[in-house]
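What follows is a set of notes on a single structure, which appears directly below.
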Amino acid sequence: MTTTNYTNANFFDGAHDGFTPNSWFSVDDMTGRVVASGTGSPAPADHEVDFHGQYVMPGMINCHVHVGADAFHTTDGPDNEATTTMMAIKNLRDAIQAGITYVRNLGTSYDVDIKIRNNHDRYGFPTPGIVAAGRAMSITGGHGDGADHKDGDSYLVDSPDEMRKATRQAFKNGADCIKVMATGGVMSKGDDPRDVAFTPEEIGVAIREAHARRRKVAAHAQGTEGIRVALEAGIDSIEHGIYIDESEAGFMVEHHVYLVPTLNAVEAIVVKGPGKIPEHMTRKATEFSQAFYDNMRMAVRKGVPMATGTDAGTPFNDFKEGYWNELDLMVNKIGVSPQDTLYAATKNAAELIGVDADYGTMEPGKFADFIVINENPIADINAIRQDDKQVYQHGERRF
Ligand SMILES: [Zn+2]
């Protein structure tokens, strides 16, 4: 075995608060895993990389992306399997360059996320690690069943039996998790975030099928009633959560259910959307944004577990700046501390998406997925925006 020592770092390992100065860690070059870390001078190794006092932290995780979506072409984006795949490859490259070494994809047509997860090594292009939901579950006419719905888009599910069949098919196709559209949404034309979609029985079947395979279910859930239905059925995470109320937040604290706020999905539409995307989207987003931020601040105050996700691929919400904006909004819009924001982006995210045995922290035994930046993101979260940051996966430098 040969090892590489990374030395002279300000090091946040993802498990302990703060950046510890004058730190080192060593990585097994064969396995790409961290073998030890400490401060001062390490025992000699085969290779050494001196970080000269830069800031090193675990690679970040985006728990909610849509790899096949084009953030800058809302109405004429990818519409077949080839264009969806090409878009996904570009988005995933942007994500790594941004410092994101793992993503959870929550709904992409043609199971493109599953196919890329299975084949990117073979065809020689780096991607973040991928937890893939494949095609999402939607009710007929729900968020996930637009007028242009075609074969290969969401599963359309209208009874508990259909849900059983669709989730089993998704797992057969290679899904790592299940995404259910539990309410209406901002992006879809014919419904409203306050609309309840699946019945408790339908969601319950999805959760039973997933949990029977030790997998998780994420719910797109925006209205109060739909959030309640998902929580009572035993959902593993609430995505967006626009109209979450105090009792639901309390339930999530008590049962350790993660909230993935996707703040930038709303902010980007409100700020950059008017005049450029369909009016129903900007109108809904603007109408709901104030309540959204108020409710997110309430959830932060109550201590709801949070993991970082952006809904990347929605209008003007790309895989790079969109993520940096999300961290900025967590700190400066809803009052998460910079330290807790870094946990949401690393350790918490890894736990939510189910990869925490190998990722999310830089403790010995885990993969050496990390980023290197010039300034301290706890002093200023926007240090994370550095465009020429170094990004490593399994001890190999990608950028
Ligand atoms: Zn989404």
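Position one of the sequence shown corresponds to residue 1 (the UniProt record's numbering), numbered consecutively onward.
Note that beta-carbon positions come from the ideal geometry of N, C-alpha and C, so glycine has one too.
Boundaries of the beta strand (DSSP E) around E48: H47 to D50.
Distances from the CA of T361 to each of Y123, Y155, M57 and K302 were compared; the closest alpha carbon is that of M57. Relative to ligand 1, the beta carbon of G275 is positioned no closer than 7 Å to any heavy atom. The beta carbons of R164 and V229 sit no closer together than 8 Å. In the structure shown, T341 adopts helical secondary structure according to DSSP, grouped into three states. Residue side-chain check: L106 places its Cβ nearer than 7 Å to a non-hydrogen atom of ligand 1.
With respect to V355, M281 sits apart: the two C-beta atoms are not nearer than 8 Å. At a cut-off of 4 residues, the continuous stretches assigned as alpha helix (DSSP H) that sit fully inside the stretch 282-350 are 321-332 and 338-345. Under the DSSP assignment, R168 falls in the alpha helix (DSSP H) whose first and last residues are P160 to N173. With contacts defined as CB atoms closer than 8 Å, G273 and F319 fail to qualify as a contacting pair. Inside the stretch 234-272, DSSP marks whole beta strand (DSSP E) runs of 3 or more residues at positions 237-240 and 258-260, from first to last along the chain.
In this chain, the alpha helix (DSSP H) harbouring N119 covers V112 to N119.
Shown here, V186 sits in coil according to DSSP, grouped into three states, outside any helix or strand. Residue range T3 to F11 is occupied by the beta strand (DSSP E) that includes T4. Contact between F51 and A9 holds: CB atoms are separated by about 4 Å, below the 8 Å threshold.
The count of Cβ pairs closer than 8 Å, one atom from the stretch 87-94 and one from the stretch 36-53, stays below three, leaving the stretches out of contact. Shortest gap from the CB of H120 to any heavy atom of ligand 1: 7 Å or more. The beta carbons of I61 and I100 sit closer together than 8 Å.
Under the three-state reduction of DSSP output, T20 falls in the strand class.
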